[in-house]
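In full-length UniProt numbering, the protein residues as written are 1 to 44.
The beta carbon of each residue, even a glycine, is placed where N, CA and C say it ideally should be.
Predicted, not measured: the structure shown is a model, and the values here were computed from it.
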Amino acid sequence: MKINYPLLALAIGAFGIGTTEFSPMGLLPSLRAVWMSRFPLPEC
């Protein structure tokens, strides 16, 4: 079986871009909790 290197490079690149885009979305609730504990919103 012949390895298709351009397709392999494309697949690795797509995985890398997908990981960097979706990982922060999963971390946002945790980051917000830390941020709000350090810098609470002022009372109005």
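Margin query: So, for Ile17: in the same chain, excluding its five sequence neighbours on each side, which residues have a beta-carbon less than 7 angstroms away from its beta-carbon?
Written below: Within the sequence shown, the letter at position 17 stands for residue 17. Hits under 7 angstroms: none found.
_Boundaries of the alpha helix (DSSP H) in which Ile12 is found, first to last residue_ = Position 12 of the sequence shown, counting from 1, holds the residue named residue 12. In this chain, the alpha helix (DSSP H) harbouring Ile12 covers Tyr5 to Arg38.
Discussion item. Distance check for Phe15 and Pro42, CA to CA, integer angstroms please.
Written reply: Here residue 42 refers to the residue found at position 42 of the sequence shown. Here residue 15 refers to the residue found at position 15 of the sequence shown. One C-alpha to the other measures close to 41 angstroms.
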